[in-house]
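Below: one structure, written as C-alpha cells.
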Ligand code: DOR
Ligand code: ZN
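In our numbering, the protein residues as written are -6 to 346.
So this is what it looks like as C-alpha cells:
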C-alpha cells in the first residue's frame, strides 16, 4: 500500500502549555488532528470550569486561521474540586473529562490527589453524569521502583476504585506495560486506554543504553521490550478499548538537558507518520484508522470526524525538523530512531515552525 486515506484523527491526550509555547506547538497538532483532549497541568492548573473556559479561549486565539481544531477541555482534580462545578462544566459542554494526577506523579502534579477518599464525591458525581476520568496510572511512593509504578497502581488504586465505583468511565492514560494492557482487556466496560507513539517505538534502552538521552525520558517511563511488544499488539489489534493519546509534552531543551531534566516527549509534529510506520511494520495499516480516528470518539461518545487525511508512502525518508522554536528557545522533536517513509498531506502551517 502506498496511499492511505482515513478519517481525520484525534489526539486523546495532549499537552499544549500556554503563552509562547502554546503558539509554537499548537499548529503541529491542529495541522493534522481535528480534536484533542487538552491536559490541564498548567502552572497554576486548570481546576475550575471558569479556568477551562479561559484556557480554551487562549488556545483558540493561538490557532492558525487555516486550521479547524476543537480543543476538548479537562479539569485537573484536586482534593478541593467542587462536584457542582464539574457537573455544570460537563453539562454545558465546556469540559469533556477530568484528570486525576496522583500528587507528585509527574510534571506539575503537586496539587493532585493524595487520597482517593477525598475525591470520591466528585468521582461519584462523574459516574452519575457519565463523565470520563482520565488517570495518570502510577503510584508515587519513593519505595516503589519507577519501572513498577504503573503495575502497582493498577493493583492498589485502580482495581479497588473500579470495584467501588464500576459506573465511573475511566481512561488509563499512556499505558506502558503488559500489565496495563491485560488490565484493560480484562475489563468488561467503562475502561479504555490511550497509547503514545513513542511507547510503541522505543523501549528503555533508548533512554539509557550507550549514554543517557533525556529526550526519550517521559512518564510513565518506557519499559522493557516485552512491554513495548504488548502495547504494539494492543494498538494494532483494532480492539476498541485502545486509542491514540500522544502525550506530546513539550519542554524547552534547557529543561531537558540538565542535571534533573523534566519528563516529556514532544511528538506532535510526526505522530501520524510514526504510527503509519508502526502499523505498516505490523501488517496492520488497515487498522490504523480505528486506533487514531474511530475508537477514541466511540469511547468518549462523540461523533467521528467527517474530514479525511491522506498518508502517502515515499521512497526517500521524510525529513522532520529536529527542533521547533518556542520564542528564543528550542524544543526537540521526537526522533523515532529509524527512517520514516510515510508522509501526511497536511494543512500548511503559516507560522513556519
Ligand atoms: O512525560 C510526561 N510529561 N508525562 C506526564 O505525565 C506529564 C508530561 C508533562 O506535562 O510534561
Ligand atoms: Zn501527559
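Idealized CB from N, CA, C, for every residue including glycine.
- Taking residue 288 as the centre and dropping the five residues before and after it, the same chain places the C-beta of 233, 235, 236 closer than 7 Å to its C-beta, in chain order.
- Secondary structure of residue 306 (DSSP, three-state): strand.
- A residue is called buried once 16 or more other Cβ atoms fall within 10 Å of its Cβ, and residue 294, having fewer, is exposed.
- Residue environment analysis places residue 91 among the buried positions, since at least 16 neighbouring C-beta atoms fall within 10 angstroms of its C-beta.
- Residue selection by CB proximity (closer than 6 Å to any heavy atom of the ligand ZN) returns 6, 8, 32, 240, 242 in chain order.
- Between residue 27 and residue 63, the gap from beta carbon to beta carbon is short of 8 Å.
- Distances between the C-beta of residue 244 and the heavy atoms of the ligand DOR include at least one below 7 Å.
- Residue environment for residue 301: exposed (fewer than 16 other C-beta atoms within 10 angstroms of its C-beta).
- The Cβ-Cβ distance between residue 319 and residue 13 falls below 8 Å.
- Straight-line spacing of the CA atoms in residue 60 and residue 153 works out to 43 Å.
- When DSSP states are grouped into helix, strand and coil, residue 194 belongs to the helix group.
- Put simply, the backbone Cα of residue 317 is about 8 Å away from that of residue 18.
- Between residue 69 and residue 48, the C-beta spacing is not below 8 Å.
- The closest CA to that of residue 115, considering only 74, 221, 310, is found on 74.
- Per DSSP, the beta bridge partners of residue -2 are 303.
- Per DSSP, the continuous beta strand (DSSP E) segment holding residue 6 begins and ends at 3 to 7.
- For residue 31, the secondary structure class from DSSP, reduced to helix, strand or coil, is strand.
- Excluding sequence positions up to five before and after residue 337, its CB lies within less than 7 Å of the CB of 25, 265, 266, 302, 304, all in the same chain and listed in chain order.
- Contact annotation: residue 187 and residue 164 have beta-carbon atoms nearer than 8 Å.
- Taking every protein chain shown into account, the CB of residue 107 has fewer than 16 other CB atoms within 10 angstroms, so this residue is exposed.
- Counting along the chain, residue 48 sits inside the alpha helix (DSSP H) bounded by residues 42 to 55.
- Looking at the DSSP output, residue 127 bridges to 92, 164.
- For the pair residue 112 and residue 132, the CB atoms are not nearer than the 8 Å cut-off.
- Set against 7 Å, the gap from the CB of residue 21 to the closest heavy atom of the ligand DOR is not smaller.
- Counting of Cβ neighbours within 10 angstroms places residue 58 among the exposed residues, the total staying below 16.
- For a cut-off of 8 Å, the C-beta gap from residue 160 to residue 183 is around 7 Å, short enough to register as a contact.
- Comparing alpha-carbon positions, the option among 256, 327, 218, 207 lying closest to residue 196 turns out to be 218.
- Taking all protein chains in view, the Cβ of residue 86 is surrounded by fewer than 16 other Cβ atoms within 10 Å, so the residue is classified as exposed.
- Residue 207 has no beta-bridge partner at all, per DSSP.
- C-alpha of residue 169 to C-alpha of residue 192: approximately 6 Å in a straight line.
- Cα atoms of residue 40 and residue 323: separation of roughly 29 Å, rounded to the nearest angstrom.
- At least 8 Å separates the beta-carbon of residue 101 from that of residue 46.
- Using a Cβ distance threshold of 8 Å, residue 167 and residue 207 do not count as a contacting pair.
- The closest CA to that of residue 51, considering only 32, 21, 299, 11, is found on 11.
- Its chain contains 185 as the residues whose beta carbon lies nearer than 6 Å to that of residue 292, once the 5 sequence neighbours on both sides are disregarded; these appear in chain order.
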